[in-house]
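The structure under discussion appears below in the form of structure tokens.
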Amino acid sequence: MSDENTQDQAGGETDTFDLWVAGTEEPQFQPTDEGRQEISEHESEDRLAAQFGRVVEDDYVFDEDADDDERMIVNMGPQHPSTHGVLRLQIELEGEIIRRTRPIIGYLHTGMEKTAEQLNYAQGPTNVTRMDYLSPLHEELAYSLAVERLLGVEVPPRAAAIRILMTELNRISSHLVALATNGLDIGALSMMIYGFREREAILAFFEKATGLRMNHNYIRPGGVAADLPPGWKDDVAAILKEMPVRLQEYDDLLKENPVWLSRTRDVGIIQAEEAIAYSITGPPLRASGVDWDIRKVFPYSGIDQYEFDVPLGERGDVYDRYRVKVEEIEESLKIVEQVMDSMPKGNYRIDDRKITPPPRARIDESMEALIHHFKLFTEGFKVPAGETYVAVESPRGELGCYLVADGGPMPWRMHTRAPSFYNLQGLPIAMADSLVADTVATIASMDPVMGDVDR
Amino acid sequence: MSPVLEDLKEQFEAVVWEDSHGQDVARVPADAWFSFAGAAKEAGFEICGDVTAVDWMRLRPERFEVVANLVSMQHRIRLRMITSVGREDPTIASLTPLWPGANFAEREVYDMFGIEFEGHPDLTRILMPDDWEGHPLRKDFGVGSVPVQFKQAHQVS
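Chain order of the listed sequences is U and F.
Counted from 1, the first sequence has number 208 at position 208 by this note's numbering; the numbering is strictly sequential.
Counted from 1, the second sequence has number 1099 at position 99 by this note's numbering; the numbering is strictly sequential.
As structure tokens, this is what we get:
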């Protein structure tokens, strides 16, 4: 990296800030100094190195020239409407420019990894589903895949297809919330209402299929909790029909909106090198132009048999992150449609009674079924000793589950690689040397879910 | 095993290689932790995906295991490196100088397990309050309980 990049950054070739001037026939771009995002020539080598991720001293380096009196530390949060939960930021300001940011987290820490050690493998999904409350099905999927890999079992094709159907729908609903809150934070209030409205249609389907709008506990080791409800195809088809219309509406609202563009273009830039160095995954990484999607690289649950593209951004700014999310919704719709058309027949969970409970009717007639049922819901099933790591692509990035089994009915250690936790490390880089007014736009575009960050 | 890993295998003889459910695992001696990670980064592992730890209490002679998940974008492979850290004064070299992304993860391990990372720029608690005593994910840290109010209350007939 670096020389070229630095040159590019410092050279000032890129326009600073483009402003569309009303009343002209063609958009005429006038560079202004407001919202200047790139590192200017007089930046010290130290700070450049820190911003490119070559040096990590304390995330970034102070500008030694500035007087202490010129700096002010502002605490934002943890109780703040646009911090997406209980994120606290210590922001060091020099006038209106952010010099240094320190995310302070842990306000929502509930020790779920410790709790997981007290719950057996069948109870585990009830715990992990509460971590990332906007994409609970992905959490359940990662956990279930890890348990299944340790058990050495493979779920039936229908169970795998249901899992893909539900997680991709979940991706849409999660991205809708991201778009909605992103819009709200920047001032596009209608986007907030639209996003939550469309999400409701998906949550209604989730409620029909799983019994709950959130915290489903639907994907479990060995398959899924229940088969899809009767008439599910109509519901999914209705969502598939509705969403493209709505997406067009969002595009009309935001895509070329000059106010939206001026609030998001070239704001909160994360370079590809920085994103990789700071382990950022998911839409923020792809918005920087890095083609990296777990669904393509390390496919799970047979997602490689469906056709979809990986949308990429170019500049890695707030606008690109918004675009990537919108386009990912379109791609997820493609996957959902393919799954719906090719849904295999068969069992929705494995037939091994040591892992999945027997059907309710069997308990009345079979002693073995009763015993299996009793054992499963008191002791749970045992998993052979071993350790494994399984990753899925959650709406926020690589969601991994590191599971260590000691041969008993409870995990010896369960660790979740939370994408929001790692993506939050990119926040100080994205915010360094930007205006304080752009803070909320940058936070919203990183889409952190504090339940996922703090666990 | 991928040729990238074969090269690493030749460079470090003390590392024990395992196949854990189809995933490549390198059990690295604690003193080679940083140099092995550096060689892995040279070999093309651009991302340190995750750093975590496991507390084995009395089940193993070395109490803690530190686990790092590396990802190579160019070779599209994963590598898990695991090392053991002793009970007394658990210390290991930090990977943050190599991968800045390991910063938060190592702070979390320090917070939750009390494992010190040498060379970490800002080793402070991250999830628990700064004045918290103990390290919650250690096996000898109790889960705690909430006192139940009104336990002695009179029964309402």
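C-beta atoms are modelled at their ideal positions from N, C-alpha and C, and glycine is treated no differently.
Rounded separation between residue i and residue j - CA only
i         : j         : result
U/Arg353  : U/Val153  : 13 angstroms
U/Val339  : U/Ser288  : 29 angstroms
F/Val1004 : U/Pro299  : 21 angstroms
U/Ser190  : F/Leu1095 : 45 angstroms
F/Pro1147 : F/Gly1086 : 35 angstroms
U/Ala225  : U/Glu365  : 22 angstroms
U/Glu398  : U/Ala418  : 8 angstroms
U/Lys208  : U/Tyr218  : 12 angstroms
U/Leu134  : F/Asp1130 : 29 angstroms
U/Glu92   : U/Gly85   : 21 angstroms
U/Ile355  : U/Val147  : 11 angstroms
U/Tyr319  : F/Arg1125 : 34 angstroms
U/Thr442  : U/Pro244  : 27 angstroms
U/Ile186  : F/Glu1108 : 32 angstroms
U/Asp438  : F/Met1128 : 29 angstroms
U/Arg163  : F/Gln1011 : 42 angstroms
U/Phe196  : F/Gln1074 : 38 angstroms
F/Gly1044 : F/Ser1145 : 47 angstroms
F/Leu1098 : U/Thr388  : 24 angstroms
F/Trp1027 : U/Pro156  : One detail in the question is off: residue 1027 of chain F reads as Arg in this sequence, not Trp. Roughly 34 angstroms between the two C-alpha positions.
U/Asp341  : U/Leu370  : 37 angstroms
U/Gly106  : U/Met367  : 48 angstroms
U/Ala161  : U/Asn347  : 11 angstroms
U/Glu328  : F/Glu1133 : 44 angstroms
U/Gln248  : U/Asp433  : 34 angstroms
U/Asp58   : U/Trp232  : At U/Asp58, the pLDDT of 43 sits below 50, so the modelled position is not reliable; the number obtained from the coordinates is stated separately. Rounded to whole angstroms, U/Asp58 to U/Trp232 spans 52 angstroms at the Cα level.
F/Val1071 : U/Arg265  : 31 angstroms
U/Leu285  : U/Gln305  : 24 angstroms
U/Pro395  : F/Glu1018 : 32 angstroms
Interface partners of residue i on chain U, CB under 9 angstroms
i         : result
F/Gly1049 : Ser279, Thr281, Tyr389, Ala391, Glu398, Gly400, Arg417 and Tyr422
F/Glu1046 : Ile276 and Ala277
F/Val1143 : Gly111, Lys114, Thr115, Glu117 and Gln118
Residue environment, residue i, which counts as buried when at least 16 other CB atoms sit within 10 Å
i         : result
U/His109  : buried
U/Met410  : buried
U/Thr378  : exposed
U/Ser445  : buried
F/Ile1115 : buried
F/Thr1091 : exposed
U/Glu113  : buried
U/Phe325  : Note that residue 325 of chain U is Lys in the sequence shown here, rather than Phe. By the neighbour-count rule (16 or more Cβ atoms within 10 Å), U/Lys325 is buried.
U/Asn182  : buried
F/Asp1055 : buried
F/Leu1059 : exposed
U/Asp452  : buried
U/Pro136  : buried
U/Asn75   : exposed
U/Ala237  : exposed
Cross-strand partners of residue i (DSSP beta bridge)
i         : result
U/Thr181  : In the DSSP output, where bridge partners are listed per residue, U/Thr181 has none listed.
U/Gln271  : U/Gln271 is not bridged to any residue.
F/Phe1064 : F/Asp1055 and F/Val1085
F/Thr1091 : F/Glu1116
U/Glu393  : U/Glu398
U/Gly223  : U/Arg220 and U/Arg349
U/His415  : U/Tyr402
Listed by chain order, chain U residues near residue i by CB distance under 8 angstroms
i         : result
F/Trp1099 : Ala277 and Ser279
Min CB distance residue i to chain A below 8 angstroms
i        : result
U/Arg413 : Looking at the structure shown, chain A is missing, and the protein chains on hand are U and F.
Chain U contact residues for residue i, given Cβ-Cβ distances below 7 angstroms
i         : result
F/Leu1137 : Glu113 and Lys114
Chain F residues whose Cβ lies nearer than 8 angstroms to that of residue i
i        : result
U/Leu386 : Sequence check: residue 386 of chain U is Gly here, not Leu. Residues of chain F passing the Cβ test: Ser1020 and His1021.
U/Gln79  : Under the 8 angstroms cutoff, chain F gives no residues; its nearest Cβ is about 17 angstroms from U/Gln79.
U/Val404 : Val1054
7 angstroms Cβ cut-off: residues of chain F touching residue i
i        : result
U/Asp454 : Leu1127
Interface residues of chain F facing residue i [CB-CB closer than 9 angstroms]
i       : result
U/Gln90 : Correct list: empty, because the minimum Cβ distance to chain F is about 13 angstroms.
What are the residues in the stretch 1104 to 1132 of chain F lying within 7 angstroms of chain U by C-beta distance? Phe1104, Pro1121, Asp1122, Ile1126, Leu1127 and Met1128
Given a limit of 8 angstroms on CB to CB distance, which residues of the stretch 267 to 278 of chain U reach chain F? Ile276, Ala277 and Tyr278
When you check each C-beta in the stretch 135 to 155 of chain U against every C-beta of chain F, which residues fall closer than 9 angstroms? Arg149, Leu150 and Gly152
Listed in chain order, which residues of the stretch 105 to 119 of chain U have Cβ atoms closer than 7 angstroms to some Cβ of chain F? Ile105, Gly106, His109, Gly111, Glu113, Lys114 and Gln118
Interfacial residues, the stretch 1016 to 1043 of chain F to chain U, with Cβ spacing under 9 angstroms: Ser1020, His1021, Gly1022, Gln1023 and Val1025
What are the residues in the stretch 1060 to 1083 of chain F lying within 9 angstroms of chain U by C-beta distance? Glu1065, Val1067, Asn1069, Val1071, Met1073, Arg1076, Arg1078, Arg1080 and Ile1082
With 9 angstroms as the limit, tell me which residues of the stretch 293 to 306 of chain U have their beta carbon closer than that to any beta carbon of chain F; keep them in chain order. Val297 and Phe298
Which residues, taken in chain order from the stretch 219 to 240 of chain U, show a beta carbon closer than 9 angstroms to some beta carbon of chain F? none
What are the residues of the stretch 419 to 449 of chain U that lie near chain F, defined by any Cβ-Cβ distance shorter than 8 angstroms? Phe421, Tyr422, Leu424 and Gln425
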